[in-house]
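Visitor: Take a look at this one; I'll ask things after.
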């Protein structure tokens with residue numbers, strides 16, 4: 025008898041038919057004799073409706089009250105899923121995040137899980153129940169309802185799997201697993217059987233929409249092996265796990281495309297110590313997420329100056345420009361240039377550590393396709409380039425073809 | 025500085041405009057320096073939508089899961105009302121029933137409040153907040169979410185007013201208060217300035233739709249004086265309180281009409297001891313609410329038999345008939361007659377105890393209007409009659425005219 029944690033996201037429970045479908049899948053596992061804990065998100069449209077109601081009342085709603093409001097979304101799903109399991113003659117009970125013992129810090133809207141007291145969940149499993157837990161939510165030390173922010177339900181599932189020492193953690197989504205690249209962009213994309221936490225983290229933070237990187241980071245920290253798979257078929261998914269030696273044989277694990285970033289360049293920033301620190305701490309104070317940062321050598325002799333570029337999420341661009349303008353009183357830069365029409369393409373793989381020439385192959389491939397590279401940033405296991413937005417998909421295809429040649 | 029508990033029902037918070045309206049009203053009181061605890065119901069249509077979702081999944085949903093589901097309704101309202109108060113620059117925090125310390129028994133769907141631990145509410149009031157509490161819900165001893173059943177939010181407000189020793193408890197609704205009869209039926213109906221708990225209980229259980237009688241019974245038990253008033257204007261409402269001597273000067277407090285009952289008659293039931301007990305305990309086991317019961321003298325000599333009639337809520341009629349059919353094996357009655365086309369009209373007033381002739385006046389009034397009386401039932405402070413459904417409104421008008429003559 026195994027203990028399995030399954031997580032179903034918003035698209036898997038978006039209406040009552042999908043909820044019944046989830047119930048059938050849970051029942052198949054349960055009837056094999058396994059103990060099942062199910063973590064669910066809010067129904068697709070429900071959250072949007074709650075946000076609309078809030079915006080009708082207050083343009084800047086308190087985060088405490090937004091958490092109180094949004095937590096009703098998962099609470100609705102858990103009750104409905106329990107009813108659906110009852111219809112299949114299975115014993116099932118639902119628990120809100122606080123009831124399931126998911127304790128967080130006090131930071132509303134993006135709380136961190138501090139610990140889980142799984143006593144209630146264990147008791148209910150022992151009574152023969154499928155236990156359904158509301159994802160995305162928890163309780164602060166003083167009893168307030170908190171939410172975990174984007175990707176929170178994945179986090180709930182992985183944290184529960186860790187606390188319960190589950191035998192298996194399955195993250196159900198609307199795709200079959202993790203692909204070498206987005207199958208909507210490159211039809212020849214291949215599903216990966218396995219991927220390391222680090223590769224998954226890079227792919228997640230680089231725009232692959234399967235999972236938020238924080239959940240994978242959590243899984244890595246507590247060494248929770250999990251499977252990403254589809255709630256719409258029975259195909260095996262992708263196992264995400266600790267790195268093994270054999271993984272390094274595969275040089276490139278995947279190619280990702282992120283069309284949701286914008287680029288900002290400060291032109292002719294005085295090249296004196298502390299400039300970068302001043303700029304990026306101001307952006308951090310403004311809660312602006314900065315991804316790539318590029319600074320090159322300085323020019324000029326009397327007053328040496330350099331150009332500093334960074335990328336940020338498109339929705340944050342205006343805020344970022346405002347912060348930068350606010351710095352003018354203290355930093356004398358020539359001008360600010362911003363560009364929303366960019367795409368970031370990344371090549372990821374732990375094998376890069378031991379294989380050389382990957383960067384060169386990336387640049388050669390793009391050159392052969394006459395695609396201009398605007399920015400380059402690398403880490404130990406990834407190479408990212410910024411190109412024109414309209415070239416993003418072509419660049420992704422060409423890099424995928426280069427690293428994953430089709431076998432004849 | 026007074027401590028005021030205000031309760032706003034579903035129609036007062038049915039959309040975001042109404043919620044903003046409630047916030048303005050709360051703000052007016054708060055700005056006078058009073059401490060305010062607000063109890064709210066779910067938004068009108070929200071509950072219907074949740075019930076529809078549940079019915080799509082399971083025709084007989086578990087009561088535990090229905091409570092989990094329905095509790096999201098009030099949770100949505102409390103968060104939105106807090107946001108609306110923030111928009112008016114007031115400090116406000118929301119609390120679910122469990123967070124507010126409302127402890128109930130374990131009976132889902134119609135839990136009873138066992139006690140209230142108001143520490144959290146006090147703390148938040150002391151910090152200068154308007155405290156918004158979700159009505160209708162509480163927590164069982166083992167941590168499950170329970171709901172209090174019909175009229176539950178009124179009960180929450182009155183129980184909180186009692187636990188907090190509030191100076192004032194206001195039940196806001198969409199009518200100006202308690203009337204001598206339903207103003208939709210009798211346009212000359214007059215609003216009452218005050219009414220005793222017992223009169224209010226009788227009127228409530230007799231079909232006056234202002235409040236459920238259990239909330240008034242609770243208020244009577246803990247001697248919580250409260251005011252029923254409109255959330256749509258500033259008219260003073262009706263004070264519901266303990267009986268005073270001067271109340272007996274008013275012989276009749278109100279006339280109520282209940283068109284939601286059905287009548288069942290068991291014809292020629294053997295007139296032997298224990299028959300009524302057998303019949304009505306079977307109905308009680310079937311959870312069928314019985315209101316009026318009438319049994320008259322028996323006829324026949326060899327095997328004396330009598331007719332027993334009772335009324336029940338129309339939706340319970342089929343269930344009641346099924347229970348009665350089930351009794352055939354043990355009780356030999358001739359036949360069962362049922363009638364859905366009835367109306368119950370009641371005249372209520374504590375003054376009846378000291379004034380005679382009220383029953384006679386009721387019967388004379390109906391006789392003058394050529395309205396046939398099918399059943400009669402009386403208590404110390406009320407007289408109820410059953411008439412044909414289509415005569416119900418006319419009977420109500422005529423009795424109102426008789427007991428509340430228009431002053432010229």
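Protein chains in written order, with the working numbering: chain G, 25 to 432; chain Y, 25 to 432.
Every residue gets a Cβ at the ideal spot worked out from N, C-alpha and C, and that includes glycine.
Tell me whether residue 378 of chain Y is buried or exposed, calling it buried when 16 or more other Cβ atoms sit within 10 Å of its Cβ.
Guide: Residue 378 of chain Y should be labelled exposed.
Visitor: Assign residue 361 of chain Y to one of two classes, buried (16 or more other C-beta atoms within 10 Å of its C-beta) or exposed (fewer than that).
Guide: Answer is exposed; the Cβ neighbour count stays below 16.
Visitor: From residue 81 of chain G to residue 389 of chain G, what does the alpha carbon distance come to, in whole angstroms?
Guide: The straight-line gap from Cα to Cα measures roughly 52 Å.
Visitor: Taking only beta-carbon atoms, is residue 213 of chain Y less than 9 Å away from chain G?
Guide: It does not; no Cβ of chain G falls within 9 Å.
Visitor: Interface residues of chain G around residue 123 of chain Y at Cβ under 7 Å?
Guide: Within chain G, the residues near residue 123 of chain Y are 167.
Visitor: Which of the three DSSP states, helix, strand or coil, is assigned to residue 227 of chain Y?
Guide: Reduced to three states, the DSSP call for residue 227 of chain Y is helix.
Visitor: When Cβ atoms are compared, which residues of the segment 99-132 of chain Y fall closer than 8 Å to chain G?
Guide: Under the 8 Å Cβ criterion, the segment 99-132 of chain Y contributes 99, 100, 102, 103, 104, 106, 107, 108, 110, 111, 117, 118, 120 and 123.
Visitor: Count the C-beta pairs between the segment 354-373 of chain G and the segment 210-230 of chain G that are closer than 8 Å, then say yes if the count reaches three, no if not.
Guide: The segment 354-373 of chain G, when compared against the segment 210-230 of chain G, does touch it at the 8 Å Cβ threshold.
Visitor: Can you tell me the Cβ-Cβ gap for residue 349 of chain Y and residue 286 of chain Y, rounded? I've got them flagged as a contact below 8 Å.
Guide: Not quite, the Cβ-Cβ distance comes to about 16 Å (not below 8 Å), so this is no contact.
Visitor: Going by Cα to Cα distance, which pick from Y:123, Y:165, Y:154 and Y:409 is closest to residue 132 of chain Y?
Guide: Among Y:123, Y:165, Y:154 and Y:409, the Cα nearest to that of residue 132 of chain Y belongs to Y:165.
Visitor: Roughly how many angstroms lie between the CA atoms of residue 327 of chain Y and residue 343 of chain Y, to the nearest whole one?
Guide: Each residue's alpha carbon lies about 30 Å from the other.
Visitor: When you compare the CB positions of residue 64 of chain Y and residue 154 of chain Y, do they come within less than 9 Å of one another, or not?
Guide: No, these two residues do not count as a Cβ contact at 9 Å.
Visitor: Using a Cβ-Cβ cutoff of 9 Å, what residues of the segment 129-159 of chain Y are near chain G? List them in chain order.
Guide: Here the close residues are 144.
Visitor: Taking the alpha-carbon positions, what's the residue 269 of chain G to residue 220 of chain G distance?
Guide: Distance between the alpha carbons of residue 269 of chain G and residue 220 of chain G is about 11 Å.
Visitor: Do you know offhand how far residue 138 of chain G's Cα is from residue 311 of chain Y's?
Guide: Answer to the nearest angstrom: the Cα atoms are 46 Å apart.
Visitor: How many Å lie between residue 4 of chain Y and residue 322 of chain Y at the Cα?
Guide: Chain Y is shown only over 25 to 432; residue 4 of chain Y falls outside these bounds and no answer can be derived.
Visitor: For a cutoff of 9 Å on Cβ pairs, would you count residue 224 of chain G as touching chain Y?
Guide: By this cut-off, residue 224 of chain G is not an interface position.
Visitor: Check residue 302 of chain G in the structure and name its three-state DSSP category.
Guide: DSSP places residue 302 of chain G in helix when its eight states are reduced to three.
Visitor: Roughly how many angstroms lie between the CA atoms of residue 145 of chain Y and residue 125 of chain Y, to the nearest whole one?
Guide: Their backbone Cα atoms lie some 8 Å apart in a straight line.
Visitor: So with CB distances below 7 Å, who are the chain A contacts of residue 43 of chain Y?
Guide: Protein chains G and Y are contained in the structure displayed, whereas chain A is not.
Visitor: Residue 180 of chain G by DSSP, collapsed to three states: which one?
Guide: Residue 180 of chain G: helix per DSSP, three-state reduction.
Visitor: At which residues does the alpha helix (DSSP H) containing residue 76 of chain Y begin and terminate?
Guide: Unbroken alpha helix (DSSP H) run through residue 76 of chain Y: 68-81.
Visitor: At a Cβ threshold of 9 Å, is residue 180 of chain Y touching chain G?
Guide: Closer than 9 Å: no.
Visitor: What does DSSP give as the partner residues of residue 399 of chain G in its beta bridges?
Guide: Answer is G:410, bridged to residue 399 of chain G.
Visitor: Based on the DSSP secondary-structure assignment, which residues constitute the bridge partners of residue 333 of chain Y?
Guide: Bridge partners of residue 333 of chain Y: Y:289 and Y:318.
Visitor: Of the residues that make up the segment 47-64 of chain Y, which ones have a beta carbon closer than 8 Å to any beta carbon in chain G?
Guide: Those residues of the segment 47-64 of chain Y that come within reach of chain G (Cβ to Cβ, closer than 8 Å) do not exist; the list is empty.
Visitor: On a CA-only basis, which of G:410, G:240 and G:367 is nearest residue 318 of chain G? Give me that one, please.
Guide: Closest by alpha carbon: G:410.
Visitor: Give every residue of the same chain whose Cβ lies closer than 8 Å to the Cβ of residue 98 of chain G, excluding the five residues on either side of it in the sequence, and list them in chain order.
Guide: Hits under 8 Å: 64, 65, 66, 120, 121, 158, 159, 160, 161 and 177.
Visitor: Do we get a CB-CB distance below 9 Å when we pair residue 78 of chain G with the residues of chain Y?
Guide: Chain Y contact via Cβ: present.
Visitor: What is the DSSP secondary structure of residue 172 of chain Y, reduced to helix, strand or coil?
Guide: Coil, per DSSP.
Visitor: Residue 398 of chain Y: beta carbon under 8 Å from a heavy atom of the ligand HEM?
Guide: Because no ligand of any kind appears in the structure shown, any question about the ligand HEM cannot be addressed here.
Visitor: Report, in whole angstroms, the separation of the C-beta atoms of residue 205 of chain G and residue 279 of chain G, which I expect to be a contact under 8 Å.
Guide: The Cβ separation is near 4 Å, so the contact holds.
Visitor: Would residue 177 of chain G count as contacting chain Y if we go by Cβ distances under 9 Å?
Guide: Answer no: the Cβ-Cβ gap between residue 177 of chain G and chain Y never drops below 9 Å.
Visitor: Which stretch, first to last residue, makes up the alpha helix (DSSP H) that contains residue 433 of chain Y?
Guide: Beyond the ends of chain Y as shown, which are 25 and 432, falls residue 433 of chain Y; an answer cannot be given.
Visitor: Alpha carbon to alpha carbon, how far is residue 329 of chain Y from residue 381 of chain Y? Give it in angstroms, no decimals.
Guide: In a straight line, the C-alpha of residue 381 of chain Y is about 32 Å away from that of residue 329 of chain Y.
Visitor: Just to confirm, is the Cβ distance from residue 61 of chain Y to residue 114 of chain Y under 9 Å?
Guide: No, the Cβ-Cβ distance between residue 61 of chain Y and residue 114 of chain Y is not below 9 Å.
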